[in-house]
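Asks: Numbering (my numbering), first residue to last: 10 to 265. Note that the Cβ used here is the ideal one computed from N, Cα and C, for glycine as well. Please read these numbers as outputs of a predicted model, since none were measured by experiment.
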């Protein structure tokens, strides 16, 4: 059932946050182009559309990696199992199920997730938007995945280093900073020198850092360009230039 892995799916996946009525068509396009990792969540209210797009794509389900997330409301109300069951009912099977946020009691929430990891149609479990202090609470049985916002403009160095030391795979959401920095003059200059777009440069930086990277777009040309960013090789001096962009620019500051 879980033939697909992050390695087979590739370092760049499709984010589906705020795709709304475009979820189905975007997922179909993305799968046609070559995406094999789709990131959804109960909060996005599009799990059924994601599942339908996959089912009608002609691509075997076992070749596709699906990430979904338990909503904060369920975490706070102690209904994580119910939320997981509801997501499974919509998606059929989930390769990676994350806690969307720490909530008020991350230890108890994580203990439930460890139980859910044993369910037949769940491949693995992890966390999202967890900071170091949250992860330290889970040292007895640490997660293998943490999805959080990261880009050259928000590098989260201490959190990244902690995840690396603990063997936690980083999944980067909002790697394009919601488009807010695509007109940044220095970014444009470097992108021109590298023969790519500013968006591709941001994604290439993320992939080069070893992060699973989840950009979002509904336009075919952007989907194609985003996926091609994984092939861009960045020399050390370019990575250093991008590392100098750090300015603490968070599009989801509540999670930083």
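Could you give the first and the last residue of the continuous beta strand (DSSP E) run that contains residue 233?
Replies: Counted as a single uninterrupted DSSP element, the stretch harbouring residue 233 is not any beta strand (DSSP E) but the alpha helix (DSSP H) occupying residues 229-237.
Asks: Below 8 Å, can you find three or more Cβ-Cβ pairs linking the region 245-254 to the region 145-155?
Replies: Between the region 245-254 and the region 145-155 there are fewer than three C-beta pairs closer than 8 Å, too few to call the two in contact.
Asks: Scan the region 48-130 and note each continuous beta strand (DSSP E) run of 3 residues or more that stays entirely inside, going in chain order.
Replies: 74-79 and 103-108
Asks: Compare the Cα-Cα distances from residue 103 to each of 117, 141 and 74 and report the closest residue.
Replies: 74
Asks: Please classify residue 78 as buried or exposed, where buried requires at least 16 other C-beta atoms within 10 Å of its C-beta.
Replies: It counts as buried.
Asks: Quick one: which unbroken alpha helix (DSSP H) runs of 4-plus residues sit fully inside the region 135-211? Chain order, please.
Replies: 141-145, 166-175 and 194-203
Asks: Among residues of its own chain, excluding the 5 on either side of residue 60, which ones have a beta-carbon nearer than 7 Å to its beta-carbon?
Replies: 99, 100 and 101
Asks: Can you check which of these residues, 108, 203 and 119, is closest to residue 243 by C-alpha distance?
Replies: 203
Asks: Taking the beta carbon of residue 186 as the centre, do at least 16 other beta carbons fall within 10 Å, making it buried, or is it exposed?
Replies: buried
Asks: Are residue 89 and residue 116 touching if we call contact CB-CB under 9 Å?
Replies: no
Asks: Output yes or no for whether 9 Å exceeds the beta carbon distance between residue 180 and residue 226.
Replies: No Cβ-Cβ contact shorter than 9 Å links residue 180 with residue 226.
Asks: Residue 92 and residue 80 look like a contact to me (Cβ under 8 Å); what is the Cβ gap, rounded to whole Å?
Replies: Here residue 92 really is in contact with residue 80; their C-beta atoms are around 6 Å apart, less than 8 Å.
Asks: Which of the three DSSP states, helix, strand or coil, is assigned to residue 25?
Replies: coil
Asks: Rounded to the nearest angstrom, what separates residue 188 and residue 207 at their Cα positions?
Replies: The C-alpha of residue 188 lies about 10 Å from the C-alpha of residue 207.
Asks: Between which two residues does the beta strand (DSSP E) harbouring residue 223 extend?
Replies: 221-223
Asks: What's the C-alpha gap between residue 69 and residue 17?
Replies: 14 Å
Asks: Below 6 Å CB to CB, which residues in the same chain sit around residue 267 once its five sequence neighbours on both sides are set aside?
Replies: Here the chain covers residues 10 to 265 and nothing more, so residue 267 does not appear.
Asks: Does the distance from the CB of residue 162 to the CB of residue 220 come in under 9 Å?
Replies: no
Asks: Once DSSP output is grouped into helix, strand and coil, what is the label at residue 253?
Replies: Here residue 253 carries a coil assignment [DSSP, helix/strand/coil].
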